[in-house]
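Enquirer:
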Amino acid sequence: DAPELSYEFWAKFVTWDLIMLWLSVISLSLLSSLLGRFLSYFFIFGIAKERKIEFIELNRQGINAISIHYFVSTVICSLLYCVILILMIENATLEKESLTTL
102 DAPELSYEFW
112 AKFVTWDLIM
122 LWLSVISLSL
132 LSSLLGRFLS
142 YFFIFGIAKE
152 RKIEFIELNR
162 QGINAISIHY
172 FVSTVICSLL
182 YCVILILMIE
192 NATLEKESLT
202 TL
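In terms of the working numbering, the sequence shown has 111 at position 10, counting the first letter as 1, and numbering is strictly consecutive.
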């Protein structure tokens, strides 16, 4: 039995905090993609209403606008996601340091 496959070897790396971190990463990425899609449609229909473009024209003209706004909103959500992830990592390191000083 190889030591790399033993439970004790993986238990050092896979902790409950790491599992919770990955679950939050997955949920935040899903949330950011949904938020990005919602924001892009919100912007596109706002532009269409403002310019009084009919929906058929919006389908022809709005492909570029949808992709641009989807890209912008995805970038915004990704930046928020990175900030939250950095704060979570900072919090985890501060907790670890406070536990080691005790």
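By construction, the Cβ of each residue, glycine as well, lies at the ideal position given by its N, Cα and C atoms. Model, not experiment: these values are computed from the prediction.
Entirely within the region 178 to 202 and at least 4 residues each: give me those alpha helix (DSSP H) ranges in chain order.
Expert: Listed in chain order, there is nothing to give.
Enquirer: I'd like the list of long-range same chain contacts for S134, defined as Cβ closer than 8 Å, with 5 residues on each side in sequence excluded.
Expert: Residue numbering aside, residue 134 sits at position 33 when the sequence shown is read from its first letter. These residues qualify, in order along the chain: T175, C178.
Enquirer: For F172, which option in T194, S199, Y142 has the closest C-alpha, if you only look at C-alpha atoms?
Expert: Counting from 1 along the sequence shown, the entry for residue 172 is found at position 71. Of the candidates T194, S199, Y142, the one whose C-alpha sits nearest the C-alpha of F172 is Y142.
Enquirer: Helix, strand or coil: which one does DSSP assign to T175?
Expert: The residue you call residue 175 lines up with position 74 of the sequence shown. The three-state secondary structure of T175, taken from DSSP, is helix.
Enquirer: Please report whether the beta-carbon of W123 lies at a distance below 7 Å from any beta-carbon of chain D.
Expert: In the displayed structure, chain D is absent; only one protein chain is listed.
Enquirer: Would you mind stating whether Y182 and L129 have Cβ atoms separated by less than 7 Å?
Expert: Mapped onto the sequence shown, residue 182 falls at position 81. Mapped onto the sequence shown, residue 129 falls at position 28. Contact: yes.
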